[in-house]
Structure formats: C-alpha cells, structure tokens
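Residue numbers (this note's numbering), protein chains in the order written: chain A, 46 to 391; chain B, 46 to 391. Even for Gly, the Cβ is constructed at its ideal location relative to N, Cα and C. Predicted, not measured: the structure shown is a model, and the values here were computed from it. Notes follow the structure.
Protein chains: 2
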Amino acid sequence: MVPRIGQEIRLKQYPKGVPTEDLFQHVKVDVPEPKVGELLIRNIWMSVDPYMRGRMRSPEETKSYIDSFQLNKPLDGACVGQIIESKNNEFTVGECVLGNFGWREYWLSNGKDILKINSKIAPIQSFLGVLGMTGLTAYVGLIEIGKLNEGKDTVFISAASGAVGSIACQIAKIKGCHVVGSVGSEEKVEWLLDEVKIDYAFNHKTVGENNISSELKKACPEGIDLYFDNVGGKHLEAAIDNMRTFGRVVLCGMISQYNVTSPSAGPSNLFLAITNRLRLQGFIVRDHYDMLNEFHSSMTKWISERKIKWKETIVEGLENAPKAFIGLFKGENFGKMLIKIGPEAQ
Amino acid sequence: MVPRIGQEIRLKQYPKGVPTEDLFQHVKVDVPEPKVGELLIRNIWMSVDPYMRGRMRSPEETKSYIDSFQLNKPLDGACVGQIIESKNNEFTVGECVLGNFGWREYWLSNGKDILKINSKIAPIQSFLGVLGMTGLTAYVGLIEIGKLNEGKDTVFISAASGAVGSIACQIAKIKGCHVVGSVGSEEKVEWLLDEVKIDYAFNHKTVGENNISSELKKACPEGIDLYFDNVGGKHLEAAIDNMRTFGRVVLCGMISQYNVTSPSAGPSNLFLAITNRLRLQGFIVRDHYDMLNEFHSSMTKWISERKIKWKETIVEGLENAPKAFIGLFKGENFGKMLIKIGPEAQ
Numbered sequence: 046m047v048p049r050i051g052q053e054i055r056l057k058q059y060p061k062g063v064p065t066e067d068l069f070q071h072v073k074v075d076v077p078e079p080k081v082g083e084l085l086i087r088n089i090w091m092s093v094d095p096y097m098r099g100r101m102r103s104p105e106e107t108k109s110y111i112d113s114f115q116l117n118k119p120l121d122g123a124c125v126g127q128i129i130e131s132k133n134n135e136f137t138v139g140e141c142v143l144g145n146f147g148w149r150e151y152w153l154s155n156g157k158d159i160l161k162i163n164s165k166i167a168p169i170q171s172f173l174g175v176l177g178m179t180g181l182t183a184y185v186g187l188i189e190i191g192k193l194n195e196g197k198d199t200v201f202i203s204a205a206s207g208a209v210g211s212i213a214c215q216i217a218k219i220k221g222c223h224v225v226g227s228v229g230s231e232e233k234v235e236w237l238l239d240e241v242k243i244d245y246a247f248n249h250k251t252v253g254e255n256n257i258s259s260e261l262k263k264a265c266p267e268g269i270d271l272y273f274d275n276v277g278g279k280h281l282e283a284a285i286d287n288m289r290t291f292g293r294v295v296l297c298g299m300i301s302q303y304n305v306t307s308p309s310a311g312p313s314n315l316f317l318a319i320t321n322r323l324r325l326q327g328f329i330v331r332d333h334y335d336m337l338n339e340f341h342s343s344m345t346k347w348i349s350e351r352k353i354k355w356k357e358t359i360v361e362g363l364e365n366a367p368k369a370f371i372g373l374f375k376g377e378n379f380g381k382m383l384i385k386i387g388p389e390a391q
Numbered sequence: 046m047v048p049r050i051g052q053e054i055r056l057k058q059y060p061k062g063v064p065t066e067d068l069f070q071h072v073k074v075d076v077p078e079p080k081v082g083e084l085l086i087r088n089i090w091m092s093v094d095p096y097m098r099g100r101m102r103s104p105e106e107t108k109s110y111i112d113s114f115q116l117n118k119p120l121d122g123a124c125v126g127q128i129i130e131s132k133n134n135e136f137t138v139g140e141c142v143l144g145n146f147g148w149r150e151y152w153l154s155n156g157k158d159i160l161k162i163n164s165k166i167a168p169i170q171s172f173l174g175v176l177g178m179t180g181l182t183a184y185v186g187l188i189e190i191g192k193l194n195e196g197k198d199t200v201f202i203s204a205a206s207g208a209v210g211s212i213a214c215q216i217a218k219i220k221g222c223h224v225v226g227s228v229g230s231e232e233k234v235e236w237l238l239d240e241v242k243i244d245y246a247f248n249h250k251t252v253g254e255n256n257i258s259s260e261l262k263k264a265c266p267e268g269i270d271l272y273f274d275n276v277g278g279k280h281l282e283a284a285i286d287n288m289r290t291f292g293r294v295v296l297c298g299m300i301s302q303y304n305v306t307s308p309s310a311g312p313s314n315l316f317l318a319i320t321n322r323l324r325l326q327g328f329i330v331r332d333h334y335d336m337l338n339e340f341h342s343s344m345t346k347w348i349s350e351r352k353i354k355w356k357e358t359i360v361e362g363l364e365n366a367p368k369a370f371i372g373l374f375k376g377e378n379f380g381k382m383l384i385k386i387g388p389e390a391q
C-alpha cells in the first residue's frame, strides 16, 4: 500500500514582536497507520487564536500556563476532523470529532482526547467557536469571573466583534444587561448595532486611543459594572477610569500586548481600584471545564431560539494558516478566524 | 465666664504634589458650650494617615470615595479624646472616647458619633492604631479580601513596618504563613527580623527599585500567594512578576502614587494576571465595619497573649500635625504616626 502523505505546519523560530510568515514551515510528512484501539483523523477545520502567540516563546523566556510550542515540530490547537480509519469500536468512520491537533492534515487518536460532535445542533466548525472554547470563554468570563448581575449591569466589552467578544456581547444582552462594545472598523460597529443589537458601539480607531475614556463616559454616564477585557493597554486604562464602585474587570486577553518587544506601561490609574473597590481578575478557560455542561445546554438552547449570531472569517487551505494567525493581530478577523483544511466527506 | 480658646488646623489650599507646611494654617478659635444632650471633648491623640492625601484634592479634580477636605475649615480624622463637660447622661466627664474630629483641640459630640474606649486593654492611643482602623485594615485585607490560607500562604507585605503593614505582618505570622516584608531602612529591616520575627525583610532603597523583583525571587523561590500592597508602583510590578498561580493582590494603599502630579505608568506585566489567573482587588476599610467585632475579639486576645508588637512615632503638639503628615510620604514614621495634642487628665 502506498503510504499516505499529509501536510503540517511547523514553527522554525520563535518570533520577536509581530510574527511573520517566514518563521513557519509547510512540510509534507508520511501519515502513520492506526494501531489497534486507534483512529486516523483527517482535519476539516482548525482554529487560530491569539493565545497561541503566548506559546510562541522559548521555554526560558516566559513561564506560561501552557507549554511553549516546540521548534521544528507541528504546532497544535483546536480542530474538527473526521474519522477516516477506525480500529476502535467506540468510533465509526465518518464521525466528526473535536480535538487538539490542529495545524496538520492527519493525526492519530486513541479515542480519549477527542469529543464526538453533533452536527445537528450547528455546523461542525461552530464547535471551534460559539459552541467551543471561544463560547465557553465568553460564558465563564461573564458568569463565573465577572459575576454578571442579570438585568442590572452595564457591561463594556472590547474586541466586541471578535470570536470571544461577539459571544460575550450576546450573552450579556440575553441576560438583560446594557452592553457597550469597542471594535476597530465601521463595518464591525454596524454589525454590532444592527445585527447583534447591543446598546452602543464605537470604533476605537476613529475615536483615538486617548479618547476612549471620554467615549465610555458618553456611552456609560453612570459607569461600568463589568469590563470584559480582550485588549489591555489603553482600553483597560479607559475602562478603569469609568468603573463604578465595586466594579469587576475580567482579564480575558490583552491582544494589544502580545507582540510588544519591550514592556509597555500598564494602566496609570490603578489607584482607582482602591478608591472604587474594583476587582481585576484574570482567567484561563481550561480551569473551568466543569462549566462545560451548563454552558453547552444554555448555548444550544440560545442557538435553537436564534438568539445568538456569529461571524466566521474563513481562510482556505492549511498552508494559509500562518497568514490567518498573523491577521488576528491586525483585526483581520470578523468573529472567529477559521482555517478550512479540507472538505467534509458525506 | 471667660470663653474657652482652642486650636485647630485648617487647609488653605489644595496641594500639588507633595504637600508643604505653608498650605496649612494653625488658628485659635472660641470653643462652643455643649447644649443639652451634648458633650465637650478635648483631644489627647490624633492620627495622620496617608489616605488623607486623597481628601486634599478639589472636589472637581477627583471623585473619591470620601469627601474632599473643605478649604479654610478644620481638617478631620480619627482622634482619641477625653470628655471634659457632659450634658448627656450616657457619658461621664473623664471618659475617653474615639471619634472623627482630629486636627483640633476641642469638639462637641451628641454621643452618637463616638465610641467609649477601654484603656485596660491597651494604652488609649492604640485605638487609633493596632486596635483601631489601622488594625482592622490589616485584618480585613488579609482575611476578607486576601482570603489568607492559614499555614500555607507565602505573603509579601510592602511598607511592612508601617501602621497597617506591621500589623498585617503579625496577623499573617499568627496564621502560620511565610511572611516577607519590604521597608525603607536598615533599622526597620532589623526590627522586622529581630522583634516581629517575619521570615525575610529587605530595604528597597538599598536593593533598588529595579531589583525588587529579583529580591522577591530570592525571598520567595516558589512565588507569592498573597501580596498586601501598601505602595503601588514598582513594588506592585515586582510582586506581579512573582505571584503564584491563583495568587491574590490586595490593593490597600499606593503611597508611591499619592503625590504624583502627572499619571505614572502602571505595572507593565499585567498580562501575567491572565496567565497566572491572579486576582487584584482594592478595598476601603469602612465597607467592612461588620468585621469590627470579630477583629476586636481576635486582636484583644492576641495583645493579651503578647503576640502583637507595635511601634508608634509620636509627634508632640497639634501645631506639628502638618509636618508629621508630610513625613508619612518620606517614611518618617516607624509604625503608627500619632500626634499628642494634650495630656490625659487622671
């Protein structure tokens, strides 16, 4: 039998600053055969996420909550694939599964590191976004870390049309809150106002980074109860300026900071955390997998009630994954950035 | 009857930067007579505290949790006085009370804004420090906000020989924690190590502000679970560098920031709050008066068991209160800074 040939993307060198395409390598490799108990999976979709930048540092450079990517090995991350060979009785060829071996075409599983996907709920790639870690991140951030007060809170969300932000906006609206979002283009502002129907949205690029605070004062004259931070930097400082007493700042991501090569100044107004008794709290979704069932049943219900909208920015071809990943830091995604690796077999 | 003459200290102008003595005015005033139901109190002790700097701003300049001081009126703050005239059956001449009308010699009370002091527990001025708001601040910060884990946590405390810091050090030691303190002189280091017996103390002035992080790495090789921040600035940044996963940063004071005239950069490493899932939380002691009884019974017990030591820096004479207050920002206090306004009548 002729061995199957697959593709994978490797990291050749850890980036300094904004990653560039030449640091990645697209290679062809032999695909191993599954042994007894194993499955061979062909990826259909993979996710690129800002957090992956944190893994593109040498193990010495930073202690992170998750291991650094190894150089000259395939990268990894969330993916949706289809079983094409099975030597495991619990899985059948043709089933779609969620796994963690993105950035490659084929991979082997022992069946323990994958979840079967029910494509009747939503298209299979949704399990990388609204029904996956992205949706869970929004849910955990608002409910568990932010202790959202239903029907009461004024909520500010940055990167509000991003994968996490756009879901957070909608959960907060479903929970009856006043929602304000910041984005980086007029098109995104319109989508949030016209489609998602949040209460106020602004384009931080036209507002200017030094005016975010006064824009928030307009949007939330009585202050912000919960800030869901995906950006850091000037957004965080401006939000702190406008927090109400006992406000909560959920530190979910700091995309403005991931590529800085020298330390950039933090918020100069942190003393307001004392006078206004603020709580700032960082979190990582994988500490909260105990909320997965609760999240899943809520989100499935909301989707069936057509209460949740989501956007996808789809890039075709595994070889374009590095470019798509780099695009995240330029705001090239509108909603979830996804790579279509191959077709789903029917 | 010849009217009684008293002294008081007024603020003539809101300071810019570090306050100077010429902004204060020492004046003589007629003392009013108590009406039925009232008491006349002569102050014996008063407290100067860093938080008062926050009240020396114009009401327009900053919205603070507490009103600005009014210009050309006597300042106020915690004091211990003795009743010298009583037209209220619940109070007797000679009793000592705790009140909120410092910065003056005499004042009237209706009996509702004062607490009687039991001088058998400790000297009366202790009710401004270890047994007063200062002690309660340390207690609330560690127990309620910091969720101190008895017998487990590594605790770092800045301004560790200050009024709040020195009590926080000792509560954390009583609770079986590993305690590290930062102070601004060798004498204070010695006191912490030899008398208070914390586990590690360093002089941040000799260490240098850019080396606090590496000093903490030496002091807490496995990281900090709880940082009790009285200082802000470089101390906060250095602590964040060294926090363990799920660490807590209690934002109690930021004495390094109170006199800055232009915004000074915040911690540049706040992204670590995400990767290490940190919680940073500010608090104000007056939100936690419900813990006063619990605190009081614990602290009274610890004092009777000689488990708590405290230092006082005593400045004689009401007229020297401004100088003493200004000295707080130069680290001139060792423990609680107190003004002795007059003698206690026996």
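Taking C-alpha atoms, which residue in A/Met178, A/Glu282, A/Asp286, A/Gly221 lies nearest to A/Leu143? Locating residue 143 of chain A in the first sequence gives position 98, where the first residue counts as 1. Closest by alpha carbon: A/Met178.
My parser needs the beta strand (DSSP E) runs of 3 or more residues fully inside the segment 274 to 308 of chain B; what are they? Here the runs fully enclosed are 288 to 296.
Using a beta-carbon distance below 9 Å, is A/Ser309 in contact with chain B? In the first sequence, the residue the question calls residue 309 of chain A occupies position 264. Closer than 9 Å: yes.
When the Cβ atoms of the segment 113 to 121 of chain B are set against those of the segment 147 to 155 of chain B, are three or more pairs found closer than 8 Å? Yes, they touch.
Note down the Cα distance separating A/Glu106 from B/Ser258, rounded to an integer number of angstroms. The residue you call residue 106 of chain A lines up with position 61 of the first sequence. The residue you call residue 258 of chain B lines up with position 213 of the second sequence. Their backbone Cα atoms lie some 16 Å apart in a straight line.
B/Ala318: contacting residues in chain A (beta-carbon distance under 7 Å): Position 273 of the second sequence holds residue 318 of chain B. The answer, in chain order, is Leu296, Leu325, Gly327.
Distance between B/Ser309 and A/Glu78 (C-alpha atoms, nearest Å): For the purposes of this step, residue 78 of chain A is identified with residue 33 of the first sequence, where counting begins at 1. For the purposes of this step, residue 309 of chain B is identified with residue 264 of the second sequence, where counting begins at 1. Roughly 60 Å separates the two Cα atoms.
For A/Asn314, go through chain B and note every residue whose CB falls closer than 9 Å to its CB, in chain order. For this step, residue 314 of chain A is matched to residue 269 along the first sequence. The contacting residues are Pro308, Gly311.
Are the beta-carbon atoms belonging to A/Asn88 and A/Gly126 less than 9 Å from one another? In the first sequence, the residue the question calls residue 88 of chain A occupies position 43. In the first sequence, the residue the question calls residue 126 of chain A occupies position 81. Yes, these two residues count as a Cβ contact at 9 Å.
Which runs of the beta strand (DSSP E), 3 residues or longer, sit entirely within the segment 146 to 185 of chain B? 151 to 154
Should A/Gly99 be flagged as near chain B, meaning a C-beta pair shorter than 9 Å? By 1-based counting over the first sequence, the position of residue 99 of chain A is 54. Yes, because at least one Cβ of chain B sits closer than 9 Å to the Cβ of A/Gly99.
Residues of chain B with a CB under 8 Å from the CB of A/Met299: which are they? Here residue 299 of chain A refers to the residue found at position 254 when the first sequence is read from its first residue. By Cβ distance, chain B contributes Leu315, Phe316, Ile319.
Does B/Asp94 pass the burial test, meaning 16 or more other C-beta atoms within 10 Å, or should it be called exposed? Walking along the second sequence from the start, residue 94 of chain B turns up at place 49. B/Asp94 comes out buried.
Quick one: what does DSSP say B/Leu85 is sitting in, helix, strand or coil? Working through the second sequence from its first residue, we reach residue 85 of chain B at position 40. Reduced to three states, the DSSP call for B/Leu85 is strand.
Roughly how many angstroms lie between the CA atoms of A/Leu373 and A/Gly99, to the nearest whole one? In the first sequence, residue 373 of chain A corresponds to position 328, counting from 1. In the first sequence, residue 99 of chain A corresponds to position 54, counting from 1. For A/Leu373 and A/Gly99, the distance between alpha carbons rounds to 13 Å.
Can you list, in chain order, the residues of the segment 243 to 276 of chain A whose Cβ is nearer than 7 Å to any Cβ on chain B? none
In the DSSP assignment, find the unbroken beta strand (DSSP E) run with B/Gly327 in it and report its ends. Reading the second sequence from its first residue, position 282 is the one you call residue 327 of chain B. Its beta strand (DSSP E) spans residues 324 to 327.
Bridge partners - B/Asp358, DSSP secondary structure assignment: Reading the second sequence from its first residue, position 313 is the one you call residue 358 of chain B. Looking at the sequence itself, residue 358 of chain B is Thr, so the reference to Asp does not match. For B/Thr358, which the question treats as bridged, DSSP gives the partners B/Met382.
A/Leu160: buried (16+ other C-beta within 10 angstroms of its C-beta) or exposed? What you label residue 160 of chain A is simply residue 115 of the first sequence in a count that begins at 1. With fewer than 16 other Cβ atoms within 10 Å, it is exposed.
Those residues which DSSP pairs with A/Glu189 across a bridge: Position 144 of the first sequence, counted from the first residue, corresponds to residue 189 of chain A. DSSP, once it has assigned bridges, lists no residue as partnering A/Glu189.
Within 10 angstroms of the Cβ of A/Gln115, are there 16 or more other Cβ atoms? Answer buried if so, exposed if not. If you number the first sequence from 1, residue 115 of chain A lands on position 70. Answer is exposed; the Cβ neighbour count stays below 16.
Could you name each continuous alpha helix (DSSP H) segment of 4 residues or more that falls completely within the segment 204 to 266 of chain A, going from the start of the chain to the end? 208 to 219, 231 to 235, 249 to 252, 257 to 264
According to DSSP, what are the bridge partners of B/Gly126? Position 81 of the second sequence holds residue 126 of chain B. Looking at the DSSP assignment, B/Gly126 forms a beta bridge with B/Asn88, B/Val142.
Taking DSSP as the reference, what is the three-state secondary structure of A/Arg351? Position 306 of the first sequence, counting from 1, holds the residue named residue 351 of chain A. Reduced to three states, the DSSP call for A/Arg351 is coil.
Cross-strand partners of B/Leu56 (DSSP beta bridge): In the second sequence, residue 56 of chain B corresponds to position 11, counting from 1. B/Phe69, per the DSSP bridge assignment.
Does the beta-carbon distance from B/Asn155 to B/Gly82 come in below 9 Å? Taking the first residue of the second sequence as 1, we reach residue 155 of chain B at position 110. Taking the first residue of the second sequence as 1, we reach residue 82 of chain B at position 37. The answer is yes: Cβ separation under 9 Å.
Beta-carbon proximity check, B/Val200 vs B/Val330, cutoff 9 Å: As a position in the second sequence, residue 200 of chain B is number 155, starting the count at 1. As a position in the second sequence, residue 330 of chain B is number 285, starting the count at 1. No, the Cβ-Cβ distance between B/Val200 and B/Val330 is not below 9 Å.
Inter-residue Cα distance where the pair is A/Ser307 and B/Gly311: Position 262 of the first sequence holds residue 307 of chain A. Position 266 of the second sequence holds residue 311 of chain B. A straight-line Cα-Cα distance of about 15 Å links A/Ser307 and B/Gly311.
Of all the residues that make up the segment 332 to 361 of chain B, which are near chain A by a beta-carbon distance shorter than 9 Å? Hits within the stretch, in order: Asp332.
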